[in-house]
Structures are given as C-alpha cells and as structure tokens.
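Residue numbers (this note's numbering): 351 to 628.
Set out below in structure tokens:
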C-alpha cells in the first residue's frame, strides 16, 4: 500500500510571533485544501515563554522576570500551561479532523499523533511510553492543574521516560483542522523556568520546584550520551514517518506565504490585545 505524502517544514529558529503565526497559517491553508497535512519542526529566537490560550497572565506570570531574562513572550492558540522554549525541539502537526487515521476525540487523536514522538524517543534509545492516568484522582488532577508550569504533570498520552514527562503537547481544533504542537526537551534550566511564574510565597515555590524534579526531565539528563538538536530532528522526523505511516516531503514557503505569515505575526501575535487579553 502506498504511503501518504505529507509536507515537512524545518523553520529553524524564529520569533515567537512568527512561530505561532505560521502554525495558524498552516492550519488555515490545510483547511482550505491548499496544502496536504504538515509536520513542522522549529526553534525560538530569542528563547521564549509561551502561555496557553486560557491562562491569566496577570495572575500567573511574572512578566518583569521574563523581560529580565531577555525572553520572548507569546500566547498560544492552544490550551495548556506555560512553556519555556529554550533547549528543545518544538514540533507541530496539522491535519484535518476528517483524515481517515484521525480519531474523533481529542484524547485519542493525541495518541495517534504522539505515536510519532514515541517512535522518535525510541530511535534515540530511550524507553518512552504514554502517560495514561488510571485513577479518578489522577484524572481529576488533569482537569484542575495546580501549577502554571506545563511540565509539572503529564496529560493523557504525553510521553514519559522513567516515570517523568519528557515532552509536553497542546492541541486545538479550528475550522475542522487539528493543530497539535509541543516541546521535546533536550536540556532544561529549572531555576530560570520557575522564576517566570507567580507563587503565593517562596515556600510554595520551593516545594513545587522540588516536586517538579520528580515529574519532568530533559533528554540529556537521562541519555547515556549527549544528544544534539540535529540528531533529535533526524530521530523525530523518522519517528513521525514510522508512527503515522507517512512519507515527509520537504516544503519551502513561497515569498507570498512568508509575507502572509509575517503580517499575521505582526498584527495578531505581537499585539498586547492577543497576548494579555485574559
């Protein structure tokens, strides 16, 4: 049976506004039938904090510290919690809800798409597996996260190695199209990460950071050897091809497409109205 050909885009390091604008544009173009499904890899310049669509910035984020670290800042169109994008590979997958391989429920679609990430970890020699909350208490914890930090706990079908979360993902569905994007941690500066959020007091912050060490981990903390970004890209590209049963064909944006994305980045994702609206 012939494998379906999807587009593959490696954007390299881009601004936070461009990154979110390109994901949105790809969703729109795929929904309009202009392009096939897409897998995209990207990085962040400068390193950035992205927050979930529903997060309350004033209550949860210490914007002054974000600025002190020279970080970029953007609100994602997807849900979830705050993510520090620094030493990582970021991915996005854009595919129609009607695709024959896509389950109707968000949770099961996560499982199908995340199979590509699972395979990527295995290609790097890491024994990753899916997080599946078993008890009602674990399921309730997903609905009411105690922390604004994304990697504080795994959600349904997120990737875990040695009991700790190694990849965080978020999903939205618009105009009949699924956009799932997420972070695959290569390294992690925990002190910097925890400095970006607000806490009732220092004791709570200390306790949460201590607990965090038992819940999340970066690839290079558990790998027997240093894994480079290029090696990770190769493994996860191959992982998506095997996990989704597809062929990824490189795609370069046209100047017209780039102009569209840059305009969307400027008008929407750089605006205070979007980033601080809740």
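Glycine is no exception: its CB is placed at the ideal position from the N, C-alpha and C atoms. Model, not experiment: these values are computed from the prediction.
Using the three-state DSSP reduction, which class does residue i fall into: helix, strand or coil?
i	result
residue 468	helix
residue 396	coil
residue 606	helix
residue 523	strand
residue 627	coil
residue 549	coil
residue 461	helix
residue 493	Interpretation of residue 493 is limited by its pLDDT of 45, a score under 50 that renders its predicted location unreliable; the figure taken from the coordinates is listed afterwards. In the structure shown, residue 493 sits in a helix (DSSP, three-state: H, G or I).
residue 499	Below a pLDDT of 50, predicted positions are generally treated as unreliable, and residue 499, at 49, falls in that range; the measurement from the model is reported next regardless. It is a strand residue.
residue 572	helix
residue 622	helix
residue 384	coil
residue 352	coil
residue 617	helix
residue 454	coil
List the residues that DSSP assigns as beta-bridge partners of residue i.
i	result
residue 360	391
residue 480	509
residue 600	358
residue 515	510, 566
residue 544	According to DSSP, which records beta bridges pairwise, residue 544 is partnered with nothing at all.
residue 401	425
Just to confirm before moving on: does the CB-CB distance between residue i and residue j stay below 8 angstroms?
i	j	result
residue 543	residue 568	no
residue 446	residue 526	yes
residue 508	residue 572	no
residue 392	residue 457	no
residue 451	residue 462	yes
residue 394	residue 435	yes
residue 473	residue 589	yes
residue 546	residue 432	yes
residue 375	residue 611	yes
residue 579	residue 587	no
residue 423	residue 386	no
residue 425	residue 625	yes
residue 371	residue 608	no
residue 412	residue 548	yes
residue 297	residue 415	No answer is possible for residue 297: the residues shown for the chain start at 351 and end at 628.
residue 519	residue 464	yes
So is the beta-carbon of residue i under 7 angstroms away from any non-hydrogen atom of the ligand MG?
i	result
residue 365	The ligand MG is absent from the structure shown, which contains no ligand whatsoever.
In the DSSP assignment, find the unbroken alpha helix (DSSP H) run with residue i in it and report its ends.
i	result
residue 554	552-562
residue 407	407-410
residue 583	579-594
residue 368	366-381
Could you tell me the boundaries of the beta strand (DSSP E) in which residue i lies?
i	result
residue 529	527-535
**Report entry** Continuous beta strand (DSSP E) assignments of at least 3 residues falling wholly in the stretch 413-451
**Finding:** 422-425, 433-435, 438-446
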